[in-house]
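Enquirer: Residue numbers (this note's numbering), protein chains in the order written: chain A, 447 to 839; chain B, 127 to 347. Glycine included, C-beta positions come from ideal geometry on N, C-alpha and C. For reference, the structure I am asking about is given below.
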Amino acid sequence: MVPSVLRDYGFCSALMESTLINPVLPTAAPDVREVSVQIRRRSGKDFELDLAVALPPGITILFGPSGAGKTTLLDCLAGLVRPDTGRIAIVEKILFDSAREINLPPQLRRVGYVFQDLALFPHLSVEANVEYGISSLDAQERKRRSAAILESFRIAHLRARRPGKISGGERQRVALARALVIDPAILLLDEPLAALDAATKAKIVDDLRAWNQQHRIPVVYVTHSREEVFALGERVIVLENGRAVAQGTPHEVMSAPRLETVAQLAGFENIFDAKVISAHAERGTMTCQLEDSAIELETPLVRADVGSRMKVGIRAGDILLASLPPAGLSARNIVPGRVVSLGQRDVIAVAKVECGVEMEVHLTLAARDSLHLQPGCEVWLVVKTHSCHLMAV
Amino acid sequence: MDPQAFWLTIRLAALVAAVLVIVGLPVAYWIAYSRWRWKFLAEAVFSLPIVLPPTVLGFYVLVALGPHSPLGRGWEALTGHTLAFTFEGLVIGSILYSFPFAVQPFAASFAAVDSRLVAASQTLGASRLRTFFRVILPLSVPGLVTGVALSFAHTLGEFGVVLMVGGNIPGVTRTVSIDIYDKVQAFNYAGANSTALVLLVISFLILSVVYALNRRVWVWK
């Protein structure tokens, strides 16, 4: 089904192309499987999608309010919608180029697409759904591949059921398996987990991350959920009204929260890379060390191995400041530091505290005054265990 | 009841329904998915048999099948006899007459298939033809059944077109509805009643099946 040219990635032309495409993300040499997108598409009177982004292997989160053009971008990538002008290429393999009048049909693009409503075929069994995209393989190979992917997404026992007879989380897995079994060159996920409860979501996120570790292809993941941004995202592109208004790592995008959508993302003012030092299953806590510092925080227990890397997010409003060494507190994390700057945002005082890392703390103006806070003051930061939000890297 | 007329009518209706499946599916697909700007004109033409008096349709079919039209001449050269007043002519007239009753339910059910399912099929590498047979058609079963049943039932009861195109030749073009008309003309009310009742019951049964199928069996949950 898939023409062999799609699988041949030439390096020479890849380098040539990269001078033309002007990727906005800072990428050194173009990755073997990077997707470059530069498109314009007008729909209706007042909406225009106008984007130039690079999508390297790994998960890129597409974040933005509804109507920002997220799904339209995915449809353009999949070939379901035709941009007015521009170019889409997987390195040198051109999917769309208005100048050269190339527009590969969706059938030839080898794009794995998990739709917002999943679009499972209701009249086909789970197995038939998964095998739909690999029907050109001979029966033996087809069964082998579908069995393997059903197994790895833990839905093998559902193979004979119809999509209408399984749970939402199971349907989600079927949709993922169906998209991935074709060995796509790029994976598009349109809010695939929006309808699920947190526990089911976390399990599927784990599976997806495990899959992504093995197959490094560009994954474009549309979401509204801040948690998913941090749980999954290696990069974030913030779309607003058809334009990419911010892009970078989740951390980078949030350190410049000038925009409303970005500010929405920036619910955690403090985000640090951390390493799991030890886990205390019996107490339901873990100890994590913040990277590039000696700070150890007690955090809630999550499913992670000792030594693995995580991100810790702490909301600036969840941190207490003390001007004397506090004692007799239930809070488990007490970190000494020094105020480096003091600002004011509306009626909130914003203190930046150096304590090995720089921590942003929000407090009321009255609290600031009664503590006589000044830049240079010695302070102690008090953070409850459950104010430390762990996120997978 | 005249069994000869009865079986002739059943044969005619079944043949017409079968041909309309073959001819109607591509036309319905085109109606459902084409973005041609003048499509509405074609749709209007396809729907004409619904509003046109059967005699008008029958008249033009008769002219078109007659020895003065290219179609009639071609058929005559091929088979040695004209189409008018033959069973074949009746089939052609009935196909035109019942065309919208098959094509409209087909097209409506195609158009009702979730476009995201079609998109999913495409991204999974399926050609248009494969998408049609594996996704669109199976999900359009209620529309298919409706179209087949309606065109069958509609052909069963047609009168005007038959009279114009076929006349009243026993065993060749004499259908049930013509038979009923004849009996009434001959004041044979009892005979007309028994035949009419059979037609009524059959039509009711067909429509019951259509509505029953549309209601439950083919809904994928």
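1. Measuring only the C-alpha atoms, how far is A/L809 from A/P502?
2. Determine, for B/D240, whether the minimum Cβ-Cβ distance to residues of chain A falls below 8 Å.
3. Hey, could you find the ends of the alpha helix (DSSP H) B/Y337 is sitting in?
4. Of all the CB atoms in chain A, is at least one closer than 8 Å to the CB of B/A250?
5. Closer than 8 Å is the cut-off here; do at least three beta carbon pairs connect the region 488 to 495 of chain A with the region 674 to 694 of chain A?
6. Checking 8 Å against the spacing of the C-beta atoms, do A/L634 and A/V557 come in under that value?
7. So if I threshold CB-CB distances at 7 Å, which residues from the region 567 to 586 of chain A count as touching chain B?
8. Are any of the Cβ atoms in chain B nearer than 8 Å to that of A/Q618?
9. Should the region 746 to 754 of chain A be regarded as contacting the region 726 to 738 of chain A, the criterion being three or more beta carbon pairs within less than 8 Å?
10. On the DSSP bridge list, what partners appear for B/F258?
11. So is B/A245 in contact with chain A if we call contact Cβ pairs under 8 Å?
12. Quick test of the definition: if touching needs 3 or more C-beta pairs under 8 Å, does the region 568 to 587 of chain A touch the region 605 to 614 of chain A?
13. Report yes if the C-beta distance between A/V825 and A/A777 is below 8 Å; otherwise report no.
14. With 8 Å as the threshold, decide whether the Cβ of A/Y440 is near any Cβ in chain B.
15. What does the Cβ neighbour count give for B/G297, buried or exposed, with the cut at 16 atoms within 10 Å?
16. What in chain C is Cβ-close to B/L333, meaning under 7 Å?
17. What does a CB cutoff of less than 6 Å around B/S266 pick up in its chain, not counting 5 residues either side in sequence?
18. Using beta carbons (cut-off 8 Å, strictly below), is B/V324 in contact with chain A?
19. Could you give the uninterrupted runs of the alpha helix (DSSP H) lying entirely in the region 159 to 211 of chain B, keeping only those of 4 residues or more?
20. Consult DSSP for A/V682 and reduce its assignment to one of helix, strand or coil.
21. Could you tell me whether the Cβ of B/L339 comes closer than 8 Å to any Cβ of chain A?
22. Can you find the residues in the same chain that come closer than 8 Å, C-beta to C-beta, to A/T473, ignoring five residues on each side of it along the sequence?
23. Does any CB atom of chain A fall closer than 8 Å to the CB of B/S320?
24. Any idea if B/K165 is buried or exposed, counting beta-carbon neighbours within 10 angstroms, 16 or more meaning buried?
25. Under 9 Å between beta-carbons, which chain A residues line up against B/S253? List them in chain order, please.
26. Going by DSSP, name the residue or residues bridged to A/F561.
27. Considering only C-alpha positions, which residue in the set B/V229, B/M290, B/E284 is nearest to B/I306?
28. Could you tell me if B/S122 is buried or exposed, where buried requires 16 or more neighbouring beta carbons within 10 angstroms of its beta carbon?
29. Using a C-beta to C-beta distance shorter than 9 Å, which residues of chain B count as neighbours of A/V557?
30. I'd like to know if A/I601 contacts chain B, where contact means its C-beta is closer than 8 Å to some C-beta of that chain.
31. What residues in its chain sit with their C-beta under 6 Å from that of B/T299, if we drop five residues either side in the sequence?
32. In this structure, how does DSSP classify A/S613 when only helix, strand and coil are distinguished?
33. Closer than 8 Å, CB to CB, is A/L633 near chain B or not?
34. If you draw a straight line from the C-alpha of B/A352 to the C-alpha of B/A154, how long is it?
35. Classify A/N575 as helix, strand or coil using the three-state DSSP reduction.
36. Where does A/C734 sit, in a helix, a strand or coil, going by DSSP?
Expert: From the atom records:
1. Here residue 809 of chain A is taken as the residue at index 363 of the first sequence, counted from 1. Here residue 502 of chain A is taken as the residue at index 56 of the first sequence, counted from 1. Between A/L809 and A/P502, the C-alpha separation is close to 40 Å.
2. Counting from 1 along the second sequence, the entry for residue 240 of chain B is found at position 114. Taking Cβ atoms only, chain A reaches closer than 8 Å to B/D240, which makes this a yes.
3. For the purposes of this step, residue 337 of chain B is taken as the residue at position 211 of the second sequence. It spans 315 to 338 - the alpha helix (DSSP H) in which B/Y337 sits, taken as one unbroken run.
4. For this step, residue 250 of chain B is matched to residue 124 along the second sequence. Correcting the residue type first, residue 250 of chain B is Leu in the shown sequence and not Ala. So yes, B/L250 belongs to the interface.
5. yes
6. Position 188 of the first sequence, counting from 1, holds the residue named residue 634 of chain A. Position 111 of the first sequence, counting from 1, holds the residue named residue 557 of chain A. Yes; because the gap between Cβ atoms is below 8 Å, this pair is in contact.
7. F567, P568, H569, Y578, G579
8. Counting from 1 along the first sequence, the entry for residue 618 of chain A is found at position 172. It does not: the Cβ of A/Q618 has no partner Cβ on chain B nearer than 8 Å.
9. yes
10. The residue given as residue 258 of chain B occupies position 132 in the second sequence. DSSP lists no partner for B/F258.
11. As a working mapping, residue 245 of chain B is identified with position 119 in the second sequence. Output row for B/A245: interface = yes.
12. yes
13. As a position in the first sequence, residue 825 of chain A is number 379, starting the count at 1. As a position in the first sequence, residue 777 of chain A is number 331, starting the count at 1. Cβ atoms of A/V825 and A/A777: not closer than 8 Å.
14. Here chain A has residues from 447 to 839 only, and residue 440 of chain A is not among them.
15. Position 171 of the second sequence, counted from the start, is the residue given in the question as residue 297 of chain B. Exposed.
16. Checking the listed chains, one finds no chain C in this structure; the protein chains it contains are A and B.
17. Your numbering for residue 266 of chain B matches position 140 in the second sequence. Here the set comprises S235, F236.
18. Reading the second sequence from its first residue, position 198 is the one you call residue 324 of chain B. By this cut-off, B/V324 is not an interface position.
19. 165 to 177, 180 to 191, 196 to 205
20. Taking the first sequence and counting its residues from 1, the one referred to as residue 682 of chain A is at position 236. Residue state, collapsed to three classes: strand.
21. The sequence position of residue 339 of chain B within the second sequence is 213, counting from 1. No, no contact with chain A.
22. The residue given as residue 473 of chain A occupies position 27 in the first sequence. Note that A/T473 scores 43 on pLDDT, short of 50, meaning its location in the model is unreliable; the coordinates nonetheless yield the value given after this. Counting only Cβ-Cβ distances below 8 Å, and skipping sequence neighbours, we find E480, A500, P502.
23. The residue you call residue 320 of chain B lines up with position 194 of the second sequence. Closer than 8 Å: no.
24. Counting from 1 along the second sequence, the entry for residue 165 of chain B is found at position 39. B/K165 should be labelled exposed.
25. Your numbering for residue 253 of chain B matches position 127 in the second sequence. Result: Q553.
26. Taking the first sequence and counting its residues from 1, the one referred to as residue 561 of chain A is at position 115. A/L564, per the DSSP bridge assignment.
27. Translated into the one-based positions of the second sequence, residue 306 of chain B becomes position 180. The option with the nearest alpha carbon to B/I306 is B/E284.
28. Coverage of chain B is limited to positions 127 through 347, which leaves residue 122 of chain B absent and any answer about it impossible.
29. Taking the first sequence and counting its residues from 1, one reaches residue 557 of chain A at position 111. Those are T249, listed as they occur along chain B.
30. By 1-based counting over the first sequence, the position of residue 601 of chain A is 155. Not closer than 8 Å to any Cβ of chain B, the Cβ of A/I601 fails to qualify, so no.
31. In the second sequence, residue 299 of chain B corresponds to position 173, counting from 1. Here the set comprises L216, G292, G293.
32. In the first sequence, residue 613 of chain A corresponds to position 167, counting from 1. Correct three-state label for A/S613: coil.
33. For the purposes of this step, residue 633 of chain A is taken as the residue at position 187 of the first sequence. Answer no: the Cβ-Cβ gap between A/L633 and chain B never drops below 8 Å.
34. Here chain B comprises residues numbered 127 to 347, so residue 352 of chain B is not present and cannot be evaluated.
35. Counted from its first residue, the first sequence places residue 575 of chain A at position 129. Here A/N575 sits in helix by DSSP.
36. The residue labelled residue 734 of chain A in the question sits at position 288 within the first sequence. Three-state result, A/C734: strand.
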